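Below: the structure, in structure tokens.
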């Protein structure tokens, strides 16, 4: 049988195989080569190494707020007054647009206790990223975003305006009672 | 074949051009020792133990004059680096790297008062430089500028052999006929024979924790290994990728040749 | 013409598009194009060059995302690319080595054009466009070498820009205009970066013209005999030459990859790993290997302006090559004398490169020792002078005269005949 099959009938399939194999090898190679061209835009090693920031909050007076930078983004660190804390805790969470209790806005320290006087939040409005005005601004003694009129309360929760979410919290942990590591 | 001569000459043309380019750097007057290193060749990798010892030599001897400003402390724990730890592939989290970082003090700031302050280094910090600037370095070294180590091995012709030879070729007395300027040291591996740097290594200068005998030759070999890594920290990655690329291209070339033969099969050419 | 029916849109969409934007037709006409059936591997370097050009443009765009064109940061940013950017350790050597690969391929491409008389009628414009591309490649490569701001970058830029100060009357004004100051400094670096970025796109445009100019007369071929019968003498470019070029490209990529991954520094100069320092000149300033022959010609002439003229003249002469060569026979295969002089010419170019890499006072060989014990003999300066003379003589004397006096060998009647005969001969 094999002898009777003419070579012209046998060859095309063998040729097709080598064409397909060549084409496939080329496509795989091109595909693999594209990855470095894309990946090079991702954060570089030095950028990633800077992705954590340590911050000492002991120097922040009560009622004072500082803006730190973490990964190039501004971070609010506010030493809240007792009045602000009380106001934040008096709110009925169920009525909020993005329901969160005041404690959910905080992170416990090493002993598992909260330090409610320190409120640490990303400083970009959850609407379109402007930096809100602080120091008790807005209708709820918290922050007010001048770009599109979002009001945040003294726990950084959205109360009025177009923003959909409370001010975001960065990942952070307490190293001591006043020293935190963001990131 | 008609073109065989042309082929031969063009191949020769290309290779001589390349050789000329490679050989174009001056040098060659100084005699280099033919020391071999683990990182040479197509499969060469850095000898991690030697590079770790080299880091110790750099720390205890070289770093008082020579900066290494392009290298970050975290780099010591990168894949292919002297202190890479498989359990902590992210060098920023590696306890070894954190411990090394704690050995350094860096200047940071300004703080909220506008003052610069000192703090212990973090993995992301670069190696601190011993001098504030080139002028300060020259002033402290009799007018000579101790070169930065970051890329030094690549910045010298036959870098590893050159630096090894330089470190091991000091002679107490200059041969007759060589006029030494005061403050200079005789070293036949250095161009001109006169070098500002006094002999940086002597036997038992450092105490290796792994028990290796700290001879001048051993320390020179180790510190060159460390410097070679600092100059080309991605070499191991590059060679590994190179082999994968070469194997792929070889298979692809065979397939291409097969396709070529198949397409041209019925054509006389 | 039965073998080349032209594009025939079949589906409704193809017809619709063809009436509005005949882009498929353009691709078809470009690739299903009658190509002589006897092209050898020397003809694959055009396609190889196209691939490297694209590789250079892509890696270049990527490097520009991370590079900082400022004297205080340029050197560090190149190191940053190699140390911290993901795959930077591969992309930066690819770009730097790619420049050398492109010149290697272009030199082979040009020598091939000269040997087979590809510049002769009706391909003069094709050749001239090619020389313009070569000129732009030289400018682009030179400015690219300045960007890492190492010692060779800085001093190479200083030496080359100072060439223009040789121009009578306006020389000084031209150099300070090039520099944007009174020496090579930040303004120079920034404009070189801008031009280095944009010139490759000009090259790309000229390559399109080059291919267009190729498609009018069609390819030359190793016999130099024109296509007489399209069906018998030619094959469609695709698939015949796409696979052949493809194979050659992959083989060339293996050479390229060897340099990138295993010897990234082999084609560069160690001094360029030293930060640029305007007060310390390297002992021996040498350009990249692909400029060495011209550098040798520059130094061969004892007069500054003369050297500059000789150097630029060496390229200028290429523009008029189609009219200097008086021979009606294209391929040197059938010109025994021309072939001999061509081989010497190739060796002369290599020798000029050798001389360019050496200090002019270095000796090729010593003949004697003078009273101070210093060897004297035949210096590279004199080697460069003799070779420069031959370089010019080849174009201005040998090729014009040879065409008139040389008796060419018999040429095949047609491409097809040459193919059949040579195969029979080999069998």
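Residue numbers (the working numbering), protein chains in the order written: chain A, 4 to 186; chain B, -8 to 260; chain C, 588 to 1014.
C-beta atoms are modelled at their ideal positions from N, C-alpha and C, and glycine is treated no differently.
Note that the structure is predicted; figures quoted are calculated from it, not measured.
**Beta-carbon proximity check, residue 150(B) vs residue 187(B), cutoff 7 Å** = no
*asked:* Check for me: the beta strand (DSSP E) holding residue 953(C) runs from which residue to which?
replied: 950 to 956
Residue 1014(C) versus residue 238(B): straight-line alpha-carbon distance, rounded
Low confidence applies here, because residue 1014(C) scores a pLDDT of 35, under 50, leaving its location unreliable; read the following figure in that light. Cα to Cα, the separation comes out at about 35 Å.
(message) Strictly under 7 Å for the Cβ-Cβ distance: is residue 45(A) near chain C by that measure?
(response) yes
ask   = Could one say the Cβ of residue 833(C) lies closer than 7 Å to chain B's Cβ atoms, at least one of them?
value = yes
Measure from the alpha carbon of residue 73(A) to the alpha carbon of each residue in 138(A), 51(A), 150(A), 97(A), then state which is nearest.
-> 51(A)
*asked:* Between residue 132(B) and chain A, is the shortest Cβ-Cβ distance under 7 Å, so that the two count as touching?
replied: no
Task: Residues in the region 108 to 126 of chain A having any Cβ partner in chain C nearer than 8 Å - done: none
Run the CB neighbour count on residue 898(C), radius 10 Å, all protein chains shown included, and call it buried at 16 or more, exposed below. buried
Practice task
Taking the CB atoms as reference points, tell me whether residue 967(C) and residue 945(C) lie closer together than 7 Å.
Solution key: yes
Going by beta carbon distance, what residues of the same chain come within less than 8 Å of residue 165(A), once the five residues before and after it are set aside? 130, 151, 152, 153
Q) Can you tell me where the beta strand (DSSP E) with residue 59(A) in it begins and where it stops? A) 56 to 59
### Euclidean distance between Cα positions of residue 82(B) and residue 197(B)
26 Å
Is the CB-CB distance between residue 92(A) and residue 122(A) below 7 Å?
no
Residues bridged to residue 142(B) [DSSP beta-bridge criterion]
Looking at the DSSP assignment, residue 142(B) forms no beta bridge with any residue, so it has no partner.
Which of the three DSSP states, helix, strand or coil, is assigned to residue 19(A)? helix
Quiz item: Distance, Cα to Cα, residue 29(A) vs residue 929(C)?
Solution: 38 Å
Between residue 795(C) and residue 101(B), what straight-line distance do the alpha-carbon atoms span, to the nearest angstrom?
-> 55 Å
Practice task
Identify whether residue 680(C) lies in helix, strand or coil by the three-state DSSP scheme.
Solution key: helix
* Asked: residue 919(C) and residue 694(C) look like a contact to me (Cβ under 8 Å); what is the Cβ gap, rounded to whole Å?
  -> 17 Å between Cβ atoms; not a contact.
Using the Cβ count rule (16 or more neighbours within 10 Å means buried), how would you classify residue 16(B)? In this prediction, residue 16(B) scores a pLDDT of 36, lower than 50, which makes its location untrustworthy; no coordinate-derived value is stated.
Measuring CA to CA, which of 133(A), 86(A), 46(A) is closest to residue 171(A)? 133(A)
TODO: Specify whether the region 872 to 891 of chain C and the region 158 to 166 of chain B touch according to this definition: at least 3 beta carbon pairs, one from each stretch, less than 8 Å apart.
DONE: no
Residues in the region 112 to 124 of chain B with C-beta within 8 Å of chain A's C-beta atoms, listed in sequence order?
114, 115
- prompt: Which ranges would you report for the alpha helix (DSSP H) in the region 61 to 126 of chain A if only whole runs of at least 4 residues count?
  reply: 85 to 93
| said: I need the DSSP call for residue 977(C), collapsed to helix, strand or coil. | reply: helix
Open item on the list: So with CB distances below 8 Å, who are the chain C contacts of residue 243(B)?
Closed with: 837
Taking the alpha helix (DSSP H) that residue 722(C) falls in, what are its first and last residues?
-> 711 to 733
For this session: Indicate whether at least one CB of chain A lies closer than 7 Å to the CB of residue 105(B).
Result: no
*Please classify residue 685(C): does DSSP put it in a helix, a strand, or coil?*
helix
Nearest chain A C-beta to residue 671(C) closer than 7 Å, yes or no? yes
Where does residue 844(C) land, buried or exposed, given buried means 16+ other C-beta within 10 angstroms? buried
Quick check on DSSP: helix, strand or coil for residue 32(A)? helix
- Drop a sphere of 10 angstroms on the beta-carbon of residue 98(B), count the other beta-carbons inside from all chains shown, and report buried for 16 or more, exposed for fewer. exposed
| Under 7 Å by beta carbon: chain C residues contacting residue 39(A) | 674, 677, 678
Residue-level contact to chain A via CB, residue 649(C), 7 Å cutoff
yes
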